[in-house]
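Chains A and B are the protein sequences, given in the same order.
When we follow this note's numbering, the leftmost residue of the first sequence carries the number 1, and every step to the right adds one.
When we follow this note's numbering, the leftmost residue of the second sequence carries the number 367, and every step to the right adds one.
Glycine included, every Cβ here is placed at the ideal spot set by N, Cα and C.
There are 2 protein chains.
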Amino acid sequence: MRIHIIGTGLLGASLGLALSAQKYQVSLEDTSPTAQQLAADLGAGTVLAEDSNVEDPQIVVVATPPDVAAQTIATALATYPHATVTDVASVKTRLLESVRERVDGSELDRYIGCHPMAGREKSGAIAARSDLFTARPWVICSDADTPRNRLGEVEAMAEATGASVIHLDPRIHDAAVAKVSHVPQVISSLVASQLRHAPLEEVALAGQGLRDVTRIAASDPRLWTQILAGNSEEVRSVLQDLRTELDEVITALELGPGSTGALAKAIALGNEGHDRIPGKHGQAPTTYAVVTILIPDTPGTLATLFKDIGDLNINVEDFRMDHAPGQKLGIVDVSVVPATQQELEIGLLSKGWQIPESVIEKEGIA
Amino acid sequence: MRIHIIGTGLLGASLGLALSAQKYQVSLEDTSPTAQQLAADLGAGTVLAEDSNVEDPQIVVVATPPDVAAQTIATALATYPHATVTDVASVKTRLLESVRERVDGSELDRYIGCHPMAGREKSGAIAARSDLFTARPWVICSDADTPRNRLGEVEAMAEATGASVIHLDPRIHDAAVAKVSHVPQVISSLVASQLRHAPLEEVALAGQGLRDVTRIAASDPRLWTQILAGNSEEVRSVLQDLRTELDEVITALELGPGSTGALAKAIALGNEGHDRIPGKHGQAPTTYAVVTILIPDTPGTLATLFKDIGDLNINVEDFRMDHAPGQKLGIVDVSVVPATQQELEIGLLSKGWQIPESVIEKEGIA
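Structural data, given as structure tokens:
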């Protein structure tokens, strides 16, 4: 299978690395000869002689910045008249409209919009990695007119990177990314912005809560301006809802004692939304039961613990250990489906494991 | 040095663990006998017989919820007439006023307000760890009337936990935590709140960016209502500035093409604020090497993995599993001391485990 990738930034170069490792034949193209060569040197694919086209690639992947994606897709459809053309842009509805304005209907059937939900804080081929897409959602926006065989080719390519394919209508995709990606980006930036003029003695108090909330505030303004402008209606709608709730908090803080109910409500609604973020494998958000086990800090103890859990034939959905050097005990949190919690607790207690009383699963970074 | 800790939740119990390890004599007290006993069982200190007071502690640390801190401090000043009394509450100005209303001036000299800037995602003694304060700021709000020897005792205690002592005026402290802690909490909750009614197919696209921004949205509404109400003026002021910038973004999204400058500005100002956040730990951190392993999602696999790690005689310092939507593959991050990383990787590869290329930085999302 021959794949031609146009745009060798983080996503294009990572895709090239991932597919080259899977025996795809990958060729690379970028408006920057330096970026193109860097991606090739890293092993993302081969670079063609100047002005020559690739010989009949099965798939052309457009991985350019969003603001030139539509034109690049249209050009690729014309240049490679047999190829399936796909892309990796973060907003799908407006891009599809732009492509539609540029090519005629029959050509459009060869275009299948995609959005692999992967990224890093660094950009460019230098930040590329072959496992960027591993275990990440790869959204495919096809419709009834999309030929089955072309759809199958794109699915196979996505799966070859280790990604999980999800089929979505472009509008549903755009509404979703507004909530789960674009609005969090805007808000993270706004929180970080409040630190611009904070004295150093104040920012010195920064803790993990702030670091988490503002991590993505380090993102590239050029890229994000294009993404936000491309999904402006969906993003604006969510931001307006958020502003309404923000105003309620501000009003409650102005009114002082007696209006703390509105503060509690804001935090509680946040709890509710947080609980909807899905757990394992994209299943319905399950609130797993967490069983906490105290373990001695010695090599091999974890193996024994997980062997005992395996012997009970209970699947571990998630687990986490917190432990510090010098501390007498490690604390292991094992998440299981609630129906198996009691069986797990009884089984582990009978094998001599120490399970303290239920942990209150509320965060408290104060 | 004898320390008496009132309130054996996360902070009180962690302090007890840290100080007991440093040969302080620690006694514990909590309104909940269960919480008190759990903290003692974990090694945080000793529990006294009912209704007996501690014999002349040098320092009494009040680590209760904020809404009872002032009264508990006043009571402690009366109960232990020679002790220095300190606390760990997140808001200082209003607490100091409340204490002042309850005790007379000479007694007030024995009170030194503190705020160790440490916390976790969980609450209660069960979540306590001896290194909770390590390399974290420990704010001391003393004034010119504070006796030198008492100040020295509190500084020595804070330093014994591994924390970095910072002296701040209570008002500057409260302005700082509004920006670095309280506003991030409110905003994280508001972002999560927007997911309350999102269809499951939408929240299925949640990635690391959303998870980071909303991690603290799982916080306890009762605790946070007390904190926000206690620092309402500072929090309101920052939220109003943030709302002004939010309005500019919303307006730019409404106006559409031609007003993308305002979008770029919002993200760029976020970059600027983000750059002001100091490095993760102010001082020499213990950084573990993280080895990432891909594992099939079947019962017993974790047991085999940890047995294999145990057979290499390498101790696991921390571990974490992440999930992929719709994919039967788990990603396990195992933290070990750096000197053992290579041995672990080679050992696991030789046993057939799949280790993708080294993961150095956290992934972002676009």
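For A/M117 and A/E159, the rounded distance between their alpha carbons
13 Å
Measure the C-alpha to C-alpha separation of A/L96 and A/G113 and round it to an integer number of angstroms.
7 Å
Residue range of the unbroken alpha helix (DSSP H) whose run includes B/W590
587–596
How many Å lie between B/V700 and B/T445 at the Cα?
48 Å
Given A/Q240, which residues of its chain have a CB within under 8 Å of its CB, disregarding the five upstream and five downstream residues?
Excluding sequence neighbours, A/Q240 sits near nothing in its chain.
Whole-angstrom C-beta distance between A/I59 and A/A83, which should lie under 8 Å:
6 Å
Indicate the three-state DSSP secondary structure (helix, strand or coil) for B/A655 in the structure shown.
strand
Is the beta carbon of A/L349 less than 8 Å from the beta carbon of A/D308?
no
Between the alpha carbons of B/I369 and B/L394, how many angstroms are there, rounded?
9 Å
Euclidean distance between Cα positions of B/A546 and A/V191
Residue identity check: residue 546 of chain B is Val in the sequence provided, not Ala. Between B/V546 and A/V191, the C-alpha separation is close to 9 Å.
Name, going along the chain, the residues of the stretch 113–145 of chain A whose beta-carbon falls closer than 8 Å to a beta-carbon of chain B.
M117, A118, G119, R120, E121, K122, R129, S130, D131, L132, T134, A135, R136, P137, V139
For chain A, find out if any of its Cβ atoms is closer than 8 Å to the Cβ of B/W719; answer yes or no.
no
Between B/E711 and chain A, is the shortest Cβ-Cβ distance under 8 Å, so that the two count as touching?
no
Based on Cα-Cα distance, which residue from A/L10, A/S232, A/Q194 lies nearest to A/A178?
Its Cα nearest to that of A/A178, the residue A/S232 stands out among A/L10, A/S232, A/Q194.
Quick one: does A/E155 have its CB under 8 Å from some CB of chain B?
Taking CB atoms only, A/E155 has no neighbour in chain B less than 8 Å away.
Which bits of chain A does B/D607 rub up against, with CB to CB less than 7 Å?
In chain order, Q194 make up the part of chain A whose C-beta sits under 7 Å from the C-beta of B/D607.
Could you give the first and the last residue of the continuous alpha helix (DSSP H) run that contains A/H274?
260–275
Is there a Cβ from chain B that is less than 8 Å from the Cβ of A/S274?
Strictly speaking, residue 274 of chain A in this sequence is His, with Ser absent from that position. Yes, A/H274 counts as interfacial toward chain B.
For B/L566, count neighbouring C-beta atoms within 10 Å of its own C-beta (all shown protein chains included) and say buried if the count is 16 or more, exposed if not.
When all chains shown are included, B/L566 counts as exposed.
Closer than 8 Å, CB to CB, is A/V367 near chain B or not?
Only positions 1 to 366 of chain A appear in this structure, which leaves residue 367 of chain A out of reach.
I need the DSSP call for B/V465, collapsed to helix, strand or coil.
helix
Contact list for B/Q550 against chain A, beta-carbon separation under 8 Å:
Per the sequence shown, the amino acid found at residue 550 of chain B is Pro instead of Gln. Near B/P550 (Cβ distances below 8 Å), the residues of chain A are V191, G209, L210, V213, T214.
Quick check: is the beta carbon of A/G16 nearer than 8 Å to any beta carbon in chain B?
no
Buried or exposed: which applies to B/Q402, given that a residue is buried once 16 or more other Cβ atoms fall within 10 Å of its Cβ?
Flag for B/Q402 reads buried.
Taking 8 Å as the cut-off, does the stretch 519–539 of chain B touch the stretch 376–389 of chain B (at least 3 CB pairs, one atom from each stretch)?
Yes, the stretch 376–389 of chain B is in contact with the stretch 519–539 of chain B.
Any Cβ of chain A within less than 8 Å of the Cβ of B/E567?
yes
Mind checking B/T664: buried by the 16 CB within 10 Å criterion, or exposed?
Exposed is the call here.
Interface partners of A/R94 on chain B, CB under 8 Å
The contacting residues do not exist; A/R94 stays about 11 Å from chain B at best.
Considering Cα atoms alone, identify which of A/K351, A/T251, A/L253, A/E272 is closest to B/A564.
A/E272
Simplified DSSP state of A/I73, which is helix, strand or coil:
helix
If you follow the alpha helix (DSSP H) that A/P33 is in, where does it begin and where does it stop?
33–42
When you compare the CB of A/S52 with every CB in chain B, is at least one pair closer than 8 Å?
The beta carbon of A/S52 does not come within 8 Å of any beta carbon belonging to chain B, so the residue lies off that interface.
Is the separation between the beta-carbon of B/I712 and that of A/V213 shorter than 8 Å?
no
With the cut-off set at 8 Å, would you say B/H481 and B/A455 are in Cβ contact?
yes
Can you tell me which of the three DSSP states B/I616 falls into?
helix
Measuring CB to CB, does A/A173 end up less than 8 Å from A/L228?
Note on residue identity: the sequence assigns His, not Ala, to residue 173 of chain A. Against a cut-off of 8 Å, the Cβ pair of A/L228 and A/H173 comes out as no contact.
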